[in-house]
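In the numbering used here, the protein residues as written are 922 to 1259.
By construction, the Cβ of each residue, glycine as well, lies at the ideal position given by its N, Cα and C atoms.
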């Protein structure tokens, strides 16, 4: 409150200052201002640069919230490091190089995707694609993971072409909105079925296609994590997936008495510069199937996540802003992984 010189009139002013955690509490008898500790000048310059680069103030978020969100997304997406290589190993892919290339593609793709598209999405391989690739190669006795890698490279080149705006818009218009959004649910159901079969909660039935498996300790821990995630999401707990993932991992280590031997290690990967695989009709069919699966996954997941994060274009078409960059980045990372 500002007091005039004569002490008769009282006027209130709003003090604007950065690095505020809590809003001003203005009462009839007092005014309390609570500020966060002022950052050093170098950090203020860095914060201003990040605000200008990612337009955080326009989205009503701060640098602190972005760092917390990025950490939560990292923990929530760590499951792809063991899951994707395990699924691909069933088709003959070597496990340790698959872990390395998954981590590299996720890291580089997310960094480039954030800088170019300015969308709060993690660029990572969906488990639905790895499941399809593994099952396809196992069903084809004349194909191995070398042909699979060639098909992945060709599919990445085709996906890269969808970054051309007219072509990308054409494919988006061919897929109805309900299919785009429901594909996110379908992918979730497919991944849930894969997870349930992996822990033997769902097994092949004797008289039916599927049946319930035995209620082992592994199944009980998984069900506890599932219930915990649902409860935390209901109460809008930030980092629900990350918290459940860490909690269930620790409980599983204690139950099985198999604690991690190390938390960091330099991978031992041998790279061979031999590539004598020939392009065949089966490789072309696999590449084409992968491209259609990419389109459904990218359109469905990006549209659903854009709606959730409230960044969908409000131009009547409801598209994802700078969505074509998602095709380009995912195409480049797909070629690199292949």
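Which value, in whole angstroms, describes the spacing of the CA atoms of residue i and residue j?
i: residue 1049; j: residue 1115; result: 9 Å
i: residue 1210; j: residue 975; result: 35 Å
i: residue 1272; j: residue 998; result: Past the boundaries of the shown model lies residue 1272; the chain is included only from 922 to 1259, so the question cannot be answered.
i: residue 1254; j: residue 1029; result: 8 Å
i: residue 1118; j: residue 1131; result: 10 Å
i: residue 1185; j: residue 1128; result: 46 Å
i: residue 1074; j: residue 1156; result: 43 Å
i: residue 1230; j: residue 1041; result: 8 Å
i: residue 1222; j: residue 1102; result: 7 Å
i: residue 1187; j: residue 988; result: 26 Å
i: residue 980; j: residue 1199; result: 49 Å
i: residue 1088; j: residue 1072; result: 21 Å
i: residue 1176; j: residue 1167; result: 14 Å
i: residue 1243; j: residue 1233; result: 10 Å
i: residue 1141; j: residue 1091; result: 47 Å
i: residue 1344; j: residue 1181; result: Residue 1344 is absent from the model: the chain starts at 922 and stops at 1259.
i: residue 1174; j: residue 983; result: 36 Å
i: residue 969; j: residue 1112; result: 40 Å
i: residue 1037; j: residue 1189; result: 32 Å
According to the neighbour-count rule (16 or more other Cβ atoms, all chains shown, within 10 Å of its Cβ), is residue i buried or exposed?
i: residue 1104; result: buried
i: residue 966; result: exposed
i: residue 1205; result: exposed
i: residue 1179; result: exposed
i: residue 1152; result: exposed
i: residue 985; result: exposed
i: residue 1148; result: exposed
i: residue 1146; result: buried
i: residue 1135; result: exposed
i: residue 867; result: This structure cannot settle anything about residue 867, because the visible part of the chain is limited to 922 through 1259.
i: residue 1122; result: buried
Go through its chain and collect everything with a Cβ distance to residue i's Cβ below 6 Å, but skip five positions before and after it.
i: residue 1012; result: 1055, 1058, 1059 and 1066
i: residue 1258; result: 1022 and 1026
i: residue 1143; result: 1120
i: residue 1139; result: 1120
i: residue 1252; result: 1077, 1080 and 1081
Looking at the strands, I want to know which residues DSSP matches up with residue i.
i: residue 1124; result: 1132
Take residue i and list the residues in its own chain whose beta-carbon comes closer than 7 Å to its own, dropping the five residues that flank it on each side.
i: residue 1150; result: 1161, 1162 and 1165
i: residue 1031; result: 1043 and 1044
i: residue 1002; result: 1020, 1023 and 1024
i: residue 1212; result: 1076, 1079 and 1080
Give me, in chain order, the residues of the same chain whose beta-carbon lies closer than 8 Å to that of residue i; leave out the 5 immediate sequence neighbours on both sides.
i: residue 1070; result: 1198 and 1259
Checklist entry - Using 8 Å as the Cβ pair cut-off and three pairs as the minimum, do the stretch 1080 to 1089 and the stretch 1243 to 1250 touch? => result yes
Checklist entry - Are there three or more Cβ pairs, one per stretch, closer than 8 Å when the stretch 1144 to 1161 is compared with the stretch 983 to 998? => result yes
Item to check | Meets three-Cβ-pair contact criterion under 8 Å: the stretch 1213 to 1226 and the stretch 1082 to 1102 | outcome: yes
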